[in-house]
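Read in order, the letters of the sequence shown correspond to residues 29 to 263 in my numbering.
Notes follow the structure.
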Amino acid sequence: MIKSRIAALAVAIALGLGMAAVAQAQAGGYRINTGDGWLDGRMGEVDTFGRRHRDPFVSEVTTLGAPRSLVVELLDSRGWAPGDIYMACSIASVLGIGCARVVERYDANPGRGWGRIAQDMGIKPGSPEFHALKRGTVSTYSRWGYPIDIDSRDRVDWSDGPRGRGQGQTGAARARGAVQDASGQPGRGQGQAQGERGRGNQDAGPRGQGQQGQGNRNRDRQDDGPGRGRGNRGD
Numbered sequence: 029m030i031k032s033r034i035a036a037l038a039v040a041i042a043l044g045l046g047m048a049a050v051a052q053a054q055a056g057g058y059r060i061n062t063g064d065g066w067l068d069g070r071m072g073e074v075d076t077f078g079r080r081h082r083d084p085f086v087s088e089v090t091t092l093g094a095p096r097s098l099v100v101e102l103l104d105s106r107g108w109a110p111g112d113i114y115m116a117c118s119i120a121s122v123l124g125i126g127c128a129r130v131v132e133r134y135d136a137n138p139g140r141g142w143g144r145i146a147q148d149m150g151i152k153p154g155s156p157e158f159h160a161l162k163r164g165t166v167s168t169y170s171r172w173g174y175p176i177d178i179d180s181r182d183r184v185d186w187s188d189g190p191r192g193r194g195q196g197q198t199g200a201a202r203a204r205g206a207v208q209d210a211s212g213q214p215g216r217g218q219g220q221a222q223g224e225r226g227r228g229n230q231d232a233g234p235r236g237q238g239q240q241g242q243g244n245r246n247r248d249r250q251d252d253g254p255g256r257g258r259g260n261r262g263d
C-alpha cells in the first residue's frame with residue numbers, strides 16, 4: 029500500500045514538473061526552434077509584440093484564419109506564448125487547415141519544437157511551404173508598419189507600437205491576399221475583380237458598330253430575298 033502511494037506521488041510530481049516546464053517554455057517565448065535562424069528571431073519579436081500590443085496581435089492572427097475565440101483562449105486560459113500562437117496559425121494557414129489542429133499537435137508533443145512539428149505535418153526545410161511561412165511573416169511586419177525582407181538582419185523593438193493601422197485592406201481582404209500559398213501565387217481576389225471589370229467593358233462595346241452591322245444585314249435580306257441574305261450565313 030505504501031509503495032503504491034509513493035509510486036503514485038512520484039508520477040504526480042513528474043507530471044507536474046513536465047507541465048511546468050512546458051508552460052515556462054511557452055511563457056518565455058524564446059524556445060521557438062523552427063530550424064531557421066531568421067524565423068526564430070522574428071518569432072521572438074512577434075512574441076514581444078503580442079505581449080506589448082495584445083489587440084493588434086489578436087487581429088493579425090485572425091487574418092491567418094484563426095477564430096478570435098481560439099486566440100483569446102490560448103492567451104488567457106491555456107498559457108500559450110504569442111509567438112507560439114502565431115507559429116501554429118501560420119502553419120495552419122500554409123497547409124490550409126484549422127489552427128486548432130496544429131494546436132492539438134503541439135500540445136501532444138511538448139518540447140518537440142516547431143521545426144519538428146512543421147516537418148511532421150509536411151513542411152520541410154527549404155520547401156515552398158517553408159518559404160511561404162517566411163513570406164507570411166514579412167507580410168505581418170508590413171501590416172504592422174515595419175517592412176522587412178526575408179533573411180534581413182535588422183531588428184525591430186516595437187517601441188513605437190504598430191504603425192499605419194486602419195490603412196489598406198480590411199482583415200478579410202488581407203487574409204485572401206496577403207499570405208501567399210505554397211506555390212508563391214498571391215490571392216486571387218484582386219485579379220478576379222480586374223478580370224470581371226475587363227469583361228464588363230468588352231460587353232459594353234461600341235454600340236454604333238453593332239447597330240450599323242444590323243442595318244447592313246437588313247439591306248442584304250431585302251436585296252437577296254427571303255432565306256438568301258448573307259446575314260443568314262453569318263458573314
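Even glycine gets a Cβ: it sits at the ideal position worked out from N, Cα and C.
Thinking just about the alpha-carbon of each residue, which of the options is nearest to the one in residue i?
{"i": "Gly-164", "options": "Gly-93, Leu-98 and Val-130", "result": "Gly-93"}
{"i": "Gln-147", "options": "Gly-139, Ile-119, Asp-182 and Tyr-114", "result": "Ile-119"}
{"i": "Trp-66", "options": "Pro-153, Phe-85 and Gly-173", "result": "Pro-153"}
{"i": "Trp-172", "options": "Asp-75, Pro-138, Arg-181 and Pro-84", "result": "Pro-84"}
Tell me which residues share the same chain as residue i and place their Cβ nearer than 6 Å to its Cβ, disregarding the 5 neighbours each side in the sequence.
{"i": "Gly-143", "result": "Asn-61, Thr-62 and Gly-63"}
{"i": "Gly-111", "result": "Gly-57, Ile-60, Met-71, Val-74 and Asp-75"}
{"i": "Leu-102", "result": "Trp-108 and Ile-113"}
{"i": "Asp-68", "result": "Ile-60 and Thr-62"}
{"i": "Ala-48", "result": "In this prediction, Ala-48 has a pLDDT of 38, which is less than 50 and means its spatial position is unreliable; what the coordinates show is noted afterwards. If we look at Ala-48 and ignore the five residues flanking it on each side, it has no Cβ neighbours."}
Report the three-state DSSP secondary structure of residue i (helix, strand or coil).
{"i": "Ile-125", "result": "coil"}
{"i": "Ser-97", "result": "helix"}
{"i": "Trp-186", "result": "coil"}
{"i": "Leu-92", "result": "coil"}
{"i": "Tyr-114", "result": "helix"}
{"i": "Met-71", "result": "helix"}
{"i": "Ile-178", "result": "coil"}
{"i": "Arg-82", "result": "helix"}
{"i": "Asp-64", "result": "coil"}
{"i": "Pro-153", "result": "coil"}
{"i": "Gly-139", "result": "coil"}
{"i": "Ser-105", "result": "coil"}
{"i": "Gly-173", "result": "coil"}
{"i": "Arg-163", "result": "helix"}
{"i": "Arg-191", "result": "coil"}
Suppose the cutoff is 8 Å on Cβ atoms and the five residues either side in sequence are ignored; what does the same chain contact list for residue i look like?
{"i": "His-81", "result": "Trp-186, Gly-189 and Pro-190"}
{"i": "Leu-98", "result": "Cys-127, Ala-128 and Val-131"}
How many Å lie between residue i and residue j at the Cα?
{"i": "Met-149", "j": "Ile-178", "result": "23 Å"}
{"i": "Arg-106", "j": "Glu-88", "result": "19 Å"}
{"i": "Gly-124", "j": "Lys-162", "result": "16 Å"}
{"i": "Ser-155", "j": "Arg-140", "result": "20 Å"}
{"i": "Ala-15", "j": "Val-184", "result": "There is no way to answer for residue 15, as the model of the chain reaches only from 29 to 263."}
{"i": "Arg-96", "j": "Val-86", "result": "7 Å"}
{"i": "Ser-265", "j": "Phe-77", "result": "Nothing can be reported for residue 265: it is not among the residues displayed for the chain, which extend from 29 to 263."}
Leaving out five residues on either side along the sequence, give the residues of the same chain with a beta carbon under 7 Å from the beta carbon of residue i.
{"i": "Ala-116", "result": "Cys-127, Val-130, Val-131 and Tyr-134"}
{"i": "Pro-175", "result": "Tyr-169"}
{"i": "Arg-79", "result": "Pro-110"}
{"i": "Asn-137", "result": "Ile-145"}
{"i": "Asp-182", "result": "Ile-176"}
{"i": "Ala-100", "result": "Checking the sequence, you will find Val at residue 100 rather than Ala. If we look at Val-100 and ignore the five residues flanking it on each side, its Cβ neighbours are Val-86."}
{"i": "Asp-104", "result": "none"}
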